[in-house]
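Heads up, the sequence shown is in the numbering used here, so the first residue is 2 and it goes up one at a time.
Notes for the one structure printed next.
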Amino acid sequence: MMRVGIWLLWLLCVPAWAQGWQLQAGEAGILLWSRAHPPGAFLALRLEMNVAAPPSALLAVLRDTARHQEWLPQSLEVRVLAKPAHDEDLVYTRLSAPWPVQERELITHSRLQRQPNCALVLTVWAAPDALPPYPGRVRIRTSEGRWEAVPQLNGTTLIRLETYTNPGDNLPGWLINPIAAQAALDSFRAIRRMMEAIPPEPCPCAYMRQGRLVGLCGSHP
Numbered sequence: 002m003m004r005v006g007i008w009l010l011w012l013l014c015v016p017a018w019a020q021g022w023q024l025q026a027g028e029a030g031i032l033l034w035s036r037a038h039p040p041g042a043f044l045a046l047r048l049e050m051n052v053a054a055p056p057s058a059l060l061a062v063l064r065d066t067a068r069h070q071e072w073l074p075q076s077l078e079v080r081v082l083a084k085p086a087h088d089e090d091l092v093y094t095r096l097s098a099p100w101p102v103q104e105r106e107l108i109t110h111s112r113l114q115r116q117p118n119c120a121l122v123l124t125v126w127a128a129p130d131a132l133p134p135y136p137g138r139v140r141i142r143t144s145e146g147r148w149e150a151v152p153q154l155n156g157t158t159l160i161r162l163e164t165y166t167n168p169g170d171n172l173p174g175w176l177i178n179p180i181a182a183q184a185a186l187d188s189f190r191a192i193r194r195m196m197e198a199i200p201p202e203p204c205p206c207a208y209m210r211q212g213r214l215v216g217l218c219g220s221h222p
């Protein structure tokens, strides 16, 4: 009875983000979870990894539209349409698809939040009506994501992504889900490589690490 009580108490303490997630893969320091996203057949994904780079390096990679194919190889075009506000972006992305599936296009609105400890939170959601649709392409209407870059005590940064996309056009989940999971793992590997290649820069929000004041994001204690 005592063991059952402890188990129930643990379940009540599990954070909301962990509920329903099933670990699918763990390779090269990258963890991947998935969970159902009813009523659709497509899975939501959650990924985590630690990177030897400051949080700002993630933002540098994601905003470098000239190198988008290095971490998103299926992207044919990525361009910034507008900046609705400071730290907000409206971005157009065109995605390749194997024949006979039509190309996809996605318009996303993102908002960046900067935390006092140099952590970053980037919330992304679909804005499908920001442009008229292009003939011959399927406009993705449902997509959402949340990036987190959190500095760790050992000088690394925890990168976390929760994301869900419905590609539309009645594509089967059994076909798309494993492809999306593998693509996410490949993207995380590329993002880590690109982040770690960026020299660290002075952090505008010096923070405490292991009892010491640190003014260089990503510097080791």
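Ideal Cβ positions, reconstructed from N, Cα and C, are used throughout, including at glycine.
Closest to residue i by C-alpha separation, out of the options, would be which residue?
i           : options               : result
residue 147 : 45, 23 and 174        : 45
residue 87  : 103, 115, 29 and 94   : 115
residue 181 : 75, 22 and 139        : 75
residue 85  : 164, 131, 21 and 29   : 131
residue 99  : 191, 22 and 177       : 177
residue 118 : 111, 145, 165 and 151 : 151
residue 96  : 104, 40 and 69        : 104
Whole-angstrom Cβ separation of residue i and residue j, contact assumed at under 8 Å?
i           : j          : result
residue 186 : residue 26 : 6 Å
residue 112 : residue 78 : With a Cβ gap of about 23 Å, residue 112 and residue 78 do not count as contacting.
Identify every residue that forms a DSSP beta bridge with residue i.
i           : result
residue 162 : 48 and 148
residue 108 : 93
residue 114 : 122
residue 127 : 109
residue 31  : 28 and 50
residue 76  : 96
residue 62  : In the DSSP output, where bridge partners are listed per residue, residue 62 has none listed.
Just to confirm my understanding: we take residue i, look at its own chain, exclude 5 residues before and 5 after, and list those with CB closer than 7 Å. What are they?
i           : result
residue 52  : 157, 158, 160, 193, 196 and 197
residue 189 : 31, 48 and 50
residue 4   : Interpretation of residue 4 is limited by its pLDDT of 42, a score under 50 that renders its predicted location unreliable; the figure taken from the coordinates is listed afterwards. Cβ neighbours of residue 4 beyond the five flanking positions: none.
Take residue i and list the residues in its own chain whose beta-carbon comes closer than 6 Å to its own, dropping the five residues that flank it on each side.
i           : result
residue 92  : 81 and 109
residue 149 : 122 and 161
Given a cut-off of 8 Å on the beta-carbon distance, is the pair residue i and residue j in contact?
i           : j           : result
residue 106 : residue 64  : no
residue 71  : residue 184 : no
residue 171 : residue 143 : no
With a threshold of 8 Å on Cβ separation, who are the neighbours of residue i within its own chain once the five nearest residues in sequence on each side are excluded?
i          : result
residue 39 : none
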